[in-house]
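To start, the structure under review is shown below, and the notes come after it.
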Amino acid sequence: MINPSNKAFDPDGLRISEKKGGHIYVWQAPVRVFHWINAAAIIILMVTGIYIGRPFVSAPIPEEASYNFLMGWVRIVHFVTAFIFTFNLVIRWYWVFAGNEYATSNLLRKDFWLGIFETLKSYLFLPNKKKHYIGHNPLAQLSYWLFIGVGSIIVIFTGFYMFLEPQPESTLGKLFSWVPYVFGNSFTIRSWHHIAAWGFMVFMIVHVYMAFREDWLQKNGTLSSIFTGYKHEQEHIEGGEIDKTKKQAN
928 MINPSNKAFD PDGLRISEKK GGHIYVWQAP VRVFHWINAA AIIILMVTGI
978 YIGRPFVSAP IPEEASYNFL MGWVRIVHFV TAFIFTFNLV IRWYWVFAGN
1028 EYATSNLLRK DFWLGIFETL KSYLFLPNKK KHYIGHNPLA QLSYWLFIGV
1078 GSIIVIFTGF YMFLEPQPES TLGKLFSWVP YVFGNSFTIR SWHHIAAWGF
1128 MVFMIVHVYM AFREDWLQKN GTLSSIFTGY KHEQEHIEGG EIDKTKKQAN
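Going from the sequence shown to the numbering used here is simple: count from 1 and add 927.
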C-alpha cells in the first residue's frame, strides 16, 4: 500500500502500478479543462476580433443588412465566447486555491526568482544550475502570470467596457464605468485590448514550441499530460529527486 504521506506522491497516494511506471499525477481535471477551453476561446476571439476590426469576408449576397447578418453573427460569437472565457478564468482562479500544488504558484519566494534566471540560462544553452521541475518551471509560471493572468484581466475589462460603451447607464455599464480612468479614452482602451490580444498570440506560439521542446528533451510525456494529467518521471523517482523537485514545482 502506498503511504499517502510520502511527498513523492499525490496526497491521496498513487497506485503501486503507477509508482512502478513512474507516473506522477500533475494536472488535475479542472486545470486540463481550463487549458483547452481557454485555448479554444482565445483562437475564436482572435479570429472574430480581427474580423470585427477589419472584415476579411464579404456578405454572400449584397442585400440590405437585415438579410446579411454576417457581421452581427461574428459579433455574437465574439461576445458569447468572451463570457465563456471570463467564466473559465474565474474557475481557474478558484482552482489556484483549491487545487493541488501544481495548480498554484508563489511569486514571493526567493528561489522562484532565482529559478527564473537559471531556467532562462538553460533555454539559452548557457551553463546553469536549473533544477528539474515536475510542474511548470518558474519562467513558465511567470509567463502564465503575465499573459494568462494580467493579460486576461486587461482584455476582459477593456472588452466589456467596449461592449457596454453604448449603454453607460445600464447596470453592467456602470459596473465598468471606471475603466477609462485607468486605461484612458475609448481609442486608448481599444488599443490596450488589441495589445493584450496579440500578446496572447505570441504567448500561444511560444507555449506550443516550449511544450514540444520539453517533451522531446525530457521524454516525460509533457504533451500527453495535458490530456491524461500524468507525467512520466521514472528517472527522477528512481533517483530520489521527487521530494526535492516537487517542492520547487510551484
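For glycine and all other residues, C-beta sits at the position ideal for the given N, C-alpha and C. Predicted, not measured: the structure shown is a model, and the values here were computed from it.
Candidates the options, of which the one nearest residue i by Cα
i, options, result
"Met998", "Gly980, Ile1081, Lys1146", "Gly980"
"Trp1000", "Pro982, Asn1015, Ile1116, Phe1014", "Pro982"
"Phe1110", "His1120, Lys1101, Trp1022", "His1120"
"Leu1071", "Thr1155, Ile1043, Ile971", "A small correction: the amino acid at residue 1071 is Tyr; Leu does not occupy that position in the sequence shown. Among Thr1155, Ile1043, Ile971, the Cα nearest to that of Tyr1071 belongs to Ile1043."
First and last residue of the uninterrupted alpha helix (DSSP H) at residue i
i, result
"Ile1081", "1079-1091"
"Phe1114", "1113-1145"
"Ser1049", "1037-1050"
"Ala966", "956-980"
"Leu1102", "1098-1102"
"Pro1107", "1106-1110"
"Gly999", "997-1025"
Check: residue i C-beta below 7 Å from any heavy atom of the ligand HEM
i, result
"Val953", "The ligand HEM is absent from the structure shown, which contains no ligands of any kind."
Residue i, buried or exposed, once every other Cβ within 10 Å from all chains shown has been counted against 16
i, result
"Lys1158", "buried"
"Tyr1088", "buried"
"Tyr1050", "exposed"
"Ala1176", "In this prediction, Ala1176 scores a pLDDT of 44, lower than 50, which makes its location untrustworthy; no coordinate-derived value is stated."
"Pro1065", "buried"
"Ser1151", "exposed"
"Thr1085", "buried"
"Gln1094", "exposed"
"Asn1147", "buried"
"Val1082", "buried"
"Asn965", "buried"
"Trp954", "buried"
N- and C-terminal bounds of the beta strand (DSSP E) containing residue i
i, result
"His950", "950-952"
Beta-ladder partner(s) of residue i, from DSSP
i, result
"His1063", "Answer is none; His1063 lacks a bridge partner."
"His1159", "His950"
Legend entry - Validate contact between the segment 1049-1058 and the segment 1099-1112 using beta carbons, cut 8 Å, 3 pairs: The segment 1049-1058 makes no contact with the segment 1099-1112, as fewer than three CB pairs between them are under 8 Å.
Inset, instruction - Determine contact between the segment 1011-1018 and the segment 1033-1041, defined as no fewer than three beta-carbon pairs at a distance below 8 Å. - result: Short answer: they don't touch.
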